[in-house]
Each structure stands twice: as structure tokens, then as C-alpha cells.
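Working notes, structure below.
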Amino acid sequence: MKISELKKDIQTRLENAGIPDAESDTRIILREIADISLSDLFSDPDIETDASLDTVKIEEVVSLREKRIPLQHILGKTCFMGFDFEVSPDALIPRPDTEILVEEALKDYHDGSKILDLCTGTGCIITSLIALMNDCYGVGTDISDAALGLAGRNADTILEGKRDRLEFKQGDLYSALGEGEKFDVIVSNPPYIRTADIDTLMPEVKDHDPVLALDGGADGLAFYRRIIEGAKEHLVKGGDLLLEIGCDQAEDVMKIMETNGYIEINCIKDYAGNDRVVRGILPLL
Ligand code: GLN
262 MKISELKKDI QTRLENAGIP DAESDTRIIL REIADISLSD LFSDPDIETD
312 ASLDTVKIEE VVSLREKRIP LQHILGKTCF MGFDFEVSPD ALIPRPDTEI
362 LVEEALKDYH DGSKILDLCT GTGCIITSLI ALMNDCYGVG TDISDAALGL
412 AGRNADTILE GKRDRLEFKQ GDLYSALGEG EKFDVIVSNP PYIRTADIDT
462 LMPEVKDHDP VLALDGGADG LAFYRRIIEG AKEHLVKGGD LLLEIGCDQA
512 EDVMKIMETN GYIEINCIKD YAGNDRVVRG ILPLL
């Protein structure tokens, strides 16, 4: 069979299962399971598949994906900021949108910064920051022990020699920390879906991401109120708070920051042009 035919077969099956970006998933399956790269597909679509092609494995992966199980769960990993993160149903699958938050935080760090990541999940945000920064120290907190197990394993494999620069602590937001413990930067991608909207999400999300990682309360803003309020105790004066938001939440989240006395509040868009990150600074006085 030609590799272009194999691609077409898989893609058609995924399209028929109603998967929105069937082509992208097909490419990942071909790369991960059949060792066929994007450049092979473009430059040599007519070459025949290798005799060693693991058709049983391909069938297994495609049929699980047809059942709308996220490809990341089937493969057990996803790429975030260029690093391979282990994923499981214990924590939200890291999204490309969240890379905007990491990139924003990277713009502003200085050597020796102490960074806190609330609702760390797989640890994708704080682990990437520590991996990409020099001489910084991070803490990730999460209410879920199972998520922290995953985060710890990700940090072990991604950080290697820098592993001692990152600690994970179990607890509900700041309750995991010591009283008055201060950070230069606080980041978070908290649960922000309105409770009533969870049922309307894609099956990959509503049936496979933990509801704990999605549910932001009746108006979706419950975590922002608690994080913004609590950061006043845990940020140094002049420290930075960066929050990922849902694309229709910028105005509300900026308002909560304003009411709490933050300054230089602004909103950063993602590459699709949607509002994605709100940031503010705790004033010096
Ligand atoms: N911080 C993690 C992420 O961005 C988990 C976020 C969450 O559980 N809401 O992927």
C-alpha cells in the first residue's frame, strides 16, 4: 500500500467519526506508529509502506480514536513547548493555547525568580518555565494527588539536572503554601468553564479531561476571584500575575484585577486572535 493511501484510509475513518481535525491526528498517528513523517508524505506519497508496518497497532489506535478518546490519551503523551509530557485522565491535556501563557512569562523573568503555578495539572506550565529559564525556582500546586504524581514524573524526565529547582505541593490553591510565602511571578491556567457549559463541550474534553480541571463554577470565574485575591498575599510587591482565560472572559478577569488594586492590567491574544492571557502587576505601594 502507498503511504498516501494509508493516510487517506485513516483520515477518512477519523472524519467519518466526526473528529474535527482529522488530518492533524492522522499525521500524528503516521509519525508515531508508522514512522512516516510529514516530509515523507509530501515528497514521496507514492512509496510503499514498509513490510514491518505495525498494522495491528495502527488499527488499535485508529479504532480507539474513532471512539473519541483523545489521541494524547491513546499515545500517553503530548508535545508542549517542545517537550514531551506524559498525559493521563488524571489531569487536563496540555493545550497549545497555554503556550502563550508560558511565552508571556518568559518575556519578563529575571535570574533567581521564584515562580508559583496554581492548578498545575501535568505541570506543563511550570516545568517548561523552569526548563527554559536560568537559575529560577518553581512551585506547582494542585488539589489532586493523582495529577501531582503525573507532574512529578514529567518534571523528572524533562528537568533532569534542574529537577531540584521545582517542587510540587498538594492543596487547594494557596493552602498548599506556607503562610505569607512570596513569589515574583504567579501563573495559572485554572478551571474556567461555566458548569452548565461542560455538557456542551466536545466528547474528548467532557468525557476525558477531569471535570475538576474544567469546572470554573456557575459563571466560570470562581477560580479567578480566589487566585487574584490570594495573590495579594503571595506575590512580592511589583510581582506579576499571569492567568490564562477563556476567550470571552478578558473583561471580567481584568475587572476583578482592577477591583483588587492591580496595575498595568492587559490582555494578550493567542495566535488565533482570541483573548488568551490576562496579566497584572501588584503595585509597590
Ligand atoms: N495547568 C495545567 C494546564 O495548563 C492544568 C490546568 C487545569 O487543570 N485547569 O494544562
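Remember, this note's numbering sits 261 above the position in the sequence shown when you count from 1.
Glycine included, every Cβ here is placed at the ideal spot set by N, Cα and C.
This structure is a prediction, so every number in the text was calculated from the model and none was measured.
- request: Report yes or no: do three or more beta-carbon pairs, one from the region 357 to 365 and one from the region 405 to 415, lie closer than 8 angstroms?
  value: no
- prompt: Three-state secondary structure (DSSP) at THR273?
  reply: Translated into positions along the sequence shown, residue 273 becomes position 12. THR273: helix per DSSP, three-state reduction.
message: I need the DSSP call for GLY343, collapsed to helix, strand or coil.
response: What you label residue 343 is simply residue 82 of the sequence shown in a count that begins at 1. Reduced to three states, the DSSP call for GLY343 is coil.
- request: May I ask you to report which of helix, strand or coil DSSP gives SER449?
  value: In the sequence shown, counting from the first residue as 1, residue 449 sits at position 188. Under the three-state reduction of DSSP, SER449 is assigned to strand.
- prompt: Which first and last residues belong to the beta strand (DSSP E) in which GLN431 is found?
  reply: Taking the sequence shown and counting its residues from 1, one reaches residue 431 at position 170. From DSSP, the beta strand (DSSP E) with GLN431 extends over 427 to 431.
- request: Rounded to whole angstroms, what's the CA-CA distance from LEU353 to LEU434? Just pull it up for me.
  value: Locating residue 353 in the sequence shown gives position 92, where the first residue counts as 1. Locating residue 434 in the sequence shown gives position 173, where the first residue counts as 1. Our two residues, LEU353 and LEU434, have alpha carbons roughly 16 angstroms apart in a direct line.
message: Need the endpoints of the beta strand (DSSP E) that ASP505 sits in, please.
response: Here residue 505 refers to the residue found at position 244 when the sequence shown is read from its first residue. Per the sequence shown, the amino acid found at residue 505 is Glu instead of Asp. Where GLU505 is concerned, the enclosing beta strand (DSSP E) stretches over 496 to 505.
- request: Any chance you could list the beta strand (DSSP E) runs of at least 3 consecutive residues sitting entirely within the region 308 to 390, in chain order?
  value: Runs found: 338 to 341, 344 to 347, 375 to 379.
- prompt: Buried or exposed: where does PHE346 fall if 16 or more other Cβ atoms within 10 Å of its Cβ makes it buried?
  reply: Taking the sequence shown and counting its residues from 1, the one referred to as residue 346 is at position 85. That one is buried.
query: Short check: CB of ILE454 to CB of GLY432, under 8 angstroms?
result: Locating residue 454 in the sequence shown gives position 193, where the first residue counts as 1. Locating residue 432 in the sequence shown gives position 171, where the first residue counts as 1. With respect to GLY432, ILE454 sits apart: the two C-beta atoms are not nearer than 8 angstroms.
task: Below 6 angstroms CB to CB, which residues in the same chain sit around ILE506 once its five sequence neighbours on both sides are set aside?
output: The residue you call residue 506 lines up with position 245 of the sequence shown. Hits under 6 angstroms: VAL514, VAL539.
query: Any heavy atom of the ligand GLN within a distance shorter than 7 angstroms of the CB on GLY382?
result: Indexing the sequence shown from 1 puts residue 382 at position 121. Within the cutoff, so yes.
Inter-residue Cα distance where the pair is LYS268 and VAL348: Position 7 of the sequence shown, counting from 1, holds the residue named residue 268. Position 87 of the sequence shown, counting from 1, holds the residue named residue 348. Approximately 25 angstroms between the Cα atoms of the pair.
query: Any idea which residues DSSP pairs ARG540 with across the strands?
result: Working through the sequence shown from its first residue, we reach residue 540 at position 279. In the DSSP output, where bridge partners are listed per residue, ARG540 has LEU503, ASN527.
message: Using DSSP's beta-bridge definition, name the partner residues of ASP403.
response: The residue labelled residue 403 in the question sits at position 142 within the sequence shown. In the DSSP output, where bridge partners are listed per residue, ASP403 has GLN431.
message: Determine whether the beta carbon atoms of ILE330 and HIS469 lie at a separation below 8 angstroms.
response: Taking the sequence shown and counting its residues from 1, the one referred to as residue 330 is at position 69. Taking the sequence shown and counting its residues from 1, the one referred to as residue 469 is at position 208. By the CB criterion at 8 angstroms, ILE330 and HIS469 fall inside the cutoff.
field: Close Cβ partners of GLU525 (< 6 angstroms) along its chain, the five nearest in sequence each way excluded
entry: Numbered from its first residue, the sequence shown carries residue 525 at position 264. Only ILE542 meet the Cβ criterion.
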